[in-house]
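Q:
There are 2 protein chains.
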Amino acid sequence: MKTETRQEEIIRVAAKLFKEKGYSAVTMRDLAKAMGIKAASLYNHINSKQDILNAIIISLAEEFTEGMKLIQSSNESCIDKLKKIIELHVRISSQNIYGMASLNNDWMHLEEKLDYYQKLRVDYEDDFRIILKDGIASGEIVNAQPEVMMFSILTTLRSLYIWVPKKEDLNLVELSNTLNQILVKGINK
Amino acid sequence: MKTETRQEEIIRVAAKLFKEKGYSAVTMRDLAKAMGIKAASLYNHINSKQDILNAIIISLAEEFTEGMKLIQSSNESCIDKLKKIIELHVRISSQNIYGMASLNNDWMHLEEKLDYYQKLRVDYEDDFRIILKDGIASGEIVNAQPEVMMFSILTTLRSLYIWVPKKEDLNLVELSNTLNQILVKGINK
DNA sequence: AAAACAAACTAACGCTTGTTAGTTTGTTTT
DNA sequence: AAAACAAACTAACAAGCGTTAGTTTGTTTT
């Protein structure tokens, strides 16, 4: 197990605070107090508050992009690809619930990295849409509006961070399966 | 049509700014500039920045509570109640997309009103859960984990504000129907 | 015409913000 | 023992924060 650098520790603690109050409401003095040091000392390890946010969000966004590219290039059925996407979100979200909160709520405070982030996001959604449209074309998926389907599924998956920690007892494979059933097969008998 | 007071106008404009940057990142000077006046002049109409957030969030939360109580006390089937809940969210969200953003993202910055808000929220979720459990008990709904179902549906509905404005062409009845189909019946054939 | 009111203004307040500069301390490498 | 380094510190900065006090201006009510 690789030991965490001081910089990584700061970023991890920052993500936790960002989840609770949002990026703008967390001060460098708040972060320093949570680390048990003075605010100025943070700058021995990080360049700026902004850089902390960049590090949290961009690494996560790239992880999602990588995952999607793998799924996209497989030749599984559309329904199986959706299952894989659900597993991707469950895995990443459970590994970094604090970072996922920043990704969801504080992306608009990215500055230099904002355009890059938004491109990753748009591309991800485009890939998702294509999977759904292929599924409709091949008759695997019901012919409803793919935009609404994508919104519904993706919103649920993006919000997993709110909810995953409360279910530590539930193992992640089981959670993926349940989500797959509910999101894909619906809830009525 | 009742004309808007200056105070209501400030609250409406504030909600729009809060949606874009979050409560903490919006300054009273930002808000004043958006209103075309100086920051100090805002205080002729409102008591504090905090009060603006309270007004936005609490009125919406109470609107949801009222709607839920009506649905709860009707004697419709569980599936029909779910449909009504979807319609409730579509209606309120489309009427106040900016306020819904604050409700979702800035509720933790409520201060005196935080406990009250959280009670409304917990009660709402309790009512929702009971509807699902009744549906499972009566065999209307598939016997999966009601917690996951509720999370999935409620997360989608709570995020409508992100997405409704892009679909102005789509009428709201149609959107409710499509959401109902996807959330309840699923997407696979 | 006088009084009252709504809604803007200027000026300033005390406090907090992110960040920098320079220094101290203790450990590790030469 | 000397040099280098990592990681903390104190002190301070300029800018921005929410908010208050007191004033001006123009309209509406008496």
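Chains Y and B, in that order, are what the protein sequence lines are. Residue numbering for the first sequence follows this note's numbering, beginning at 8 and increasing consecutively. Residue numbering for the second sequence follows this note's numbering, beginning at 8 and increasing consecutively. Ideal placement from N, C-alpha and C gives every residue a C-beta, glycine not left out.
DSSP state of Y/Ile-148, grouped into three classes?
A: In this structure, Y/Ile-148 counts as strand in the three-state DSSP scheme.
Q: Below 8 Å on the Cβ atoms is my guess for Y/Ala-22 versus Y/Tyr-105; work out the distance and round it to an integer in Å.
A: About 4 Å; that satisfies the 8 Å criterion.
Q: In the DSSP assignment, the alpha helix (DSSP H) including Y/Ile-93 goes from what residue to what residue?
A: Judged by DSSP secondary structure, Y/Ile-93 falls within the alpha helix (DSSP H) whose first and last residues are 85-102.
Q: Secondary structure at B/Asn-82, three-state DSSP: helix, strand or coil?
A: DSSP places B/Asn-82 in coil when its eight states are reduced to three.
Q: From the DSSP output, in three-state form, read off Y/Glu-70 for me.
A: helix
Q: Can at least three beta-carbon pairs, one atom from the segment 131-143 of chain B and one from the segment 72-82 of chain B, be found at a separation below 8 Å?
A: Touching, yes, given that three or more Cβ pairs across the two stretches are closer than 8 Å.
Q: So, is Y/Ser-109 buried or exposed, given that buried needs 16 or more other C-beta atoms within 10 angstroms?
A: buried
Q: Counting contacts by CB-CB distance shorter than 9 Å, is B/Met-115 in contact with chain Y?
A: yes
Q: Within 9 Å (strictly less), CB to CB, does B/Ser-101 reach chain Y?
A: no
Q: Name the chain B residues whose beta carbon is nearer than 7 Å to that of Y/Ser-55?
A: Within chain B, no residue comes near Y/Ser-55; the closest Cβ sits about 16 Å away, beyond 7 Å.
Q: If you draw a straight line from the C-alpha of Y/Leu-38 to the C-alpha of B/Gly-29, how long is it?
A: When the Cα atoms are used, Y/Leu-38 and B/Gly-29 turn out to be separated by approximately 20 Å.
Q: Start and end of the alpha helix (DSSP H) containing B/Ile-5?
A: This structure gives no information on residue 5 of chain B, because the portion of chain B shown stretches from 8 to 196.
Q: If you draw a straight line from the C-alpha of B/Ser-55 to the C-alpha of B/Glu-118, how long is it?
A: Straight-line spacing of the CA atoms in B/Ser-55 and B/Glu-118 works out to 12 Å.
Q: With distance defined between alpha-carbon atoms, name the residue in Y/Ile-17, Y/Glu-147, Y/Tyr-50, Y/Ser-101 nearest to Y/Lys-88.
A: Y/Glu-147
Q: By the 10 Å Cβ neighbour count, where 16 or more other Cβ atoms means buried, how is Y/Glu-94 classified, buried or exposed?
A: Its Cβ being crowded by 16 or more others within 10 Å, Y/Glu-94 is buried.
Q: In chain order, what residues of the same chain have a beta carbon less than 8 Å from the beta carbon of Y/Leu-127, not counting five sequence neighbours either side?
A: Ala-68, Glu-69, Phe-71, Thr-72
Q: Specify the secondary structure class of B/Tyr-50 as computed by DSSP and reduced to three states.
A: coil
Q: Considering only residues of the segment 101-133 of chain B, which uninterrupted alpha helix (DSSP H) runs meet the minimum length of 4 residues and lie entirely inside it, listed in chain order?
A: 104-112
Q: Terminal residues of the continuous alpha helix (DSSP H) containing Y/Ile-197?
A: Only positions 8 to 196 of chain Y appear in this structure, which leaves residue 197 of chain Y out of reach.
Q: What whole-angstrom Cβ distance do B/Val-191 and Y/Gly-193 have, given they're in contact under 8 Å?
A: 6 Å
Q: For B/Met-157, I'd like the list of residues in its chain whose CB is within less than 8 Å of its CB, leaving aside the five on either flank, ordered along the chain.
A: Glu-132, Phe-135, Arg-136, Leu-139
Q: Where does B/Thr-10 sit, in a helix, a strand or coil, going by DSSP?
A: If DSSP states are grouped into helix, strand and coil, B/Thr-10 belongs with coil.
Q: Could you give the DSSP three-state label for Y/Ser-55: helix, strand or coil?
A: coil
Q: Please report the distance separating the alpha-carbon of Y/Val-97 from that of B/Arg-13.
A: Roughly 46 Å between the two C-alpha positions.
Q: For the candidate residues Y/Lys-26, Y/Glu-11, Y/Glu-83, whose alpha-carbon lies nearest to that of Y/Ser-166?
A: Minimum Cα distance to Y/Ser-166 is reached at Y/Lys-26.
Q: Given this structure, state the Cα-to-Cα distance separating B/Ser-31 from B/Ser-101, to the nearest angstrom.
A: 24 Å
Q: Alpha carbons only, please: which of B/Asp-58, B/Leu-60, B/Ala-47, B/Gln-188 is nearest the one belonging to Y/Asn-150?
A: B/Gln-188
Q: If you draw a straight line from the C-alpha of B/Pro-153 to the C-alpha of B/Ala-144, how long is it?
A: 11 Å
Q: For Y/Ala-205 and chain B, any beta-carbon pair shorter than 9 Å?
A: There is simply no residue 205 of chain Y to check, as chain Y begins at 8 and stops at 196 in what is shown.
Q: Beta-carbon of Y/Val-129 versus every beta-carbon of chain B: anything under 9 Å?
A: no
Q: Taking the alpha carbon of Y/Val-33 as the reference point, which residue from Y/Leu-186, Y/His-116, Y/Gly-74 has its own alpha carbon closest?
A: Y/His-116
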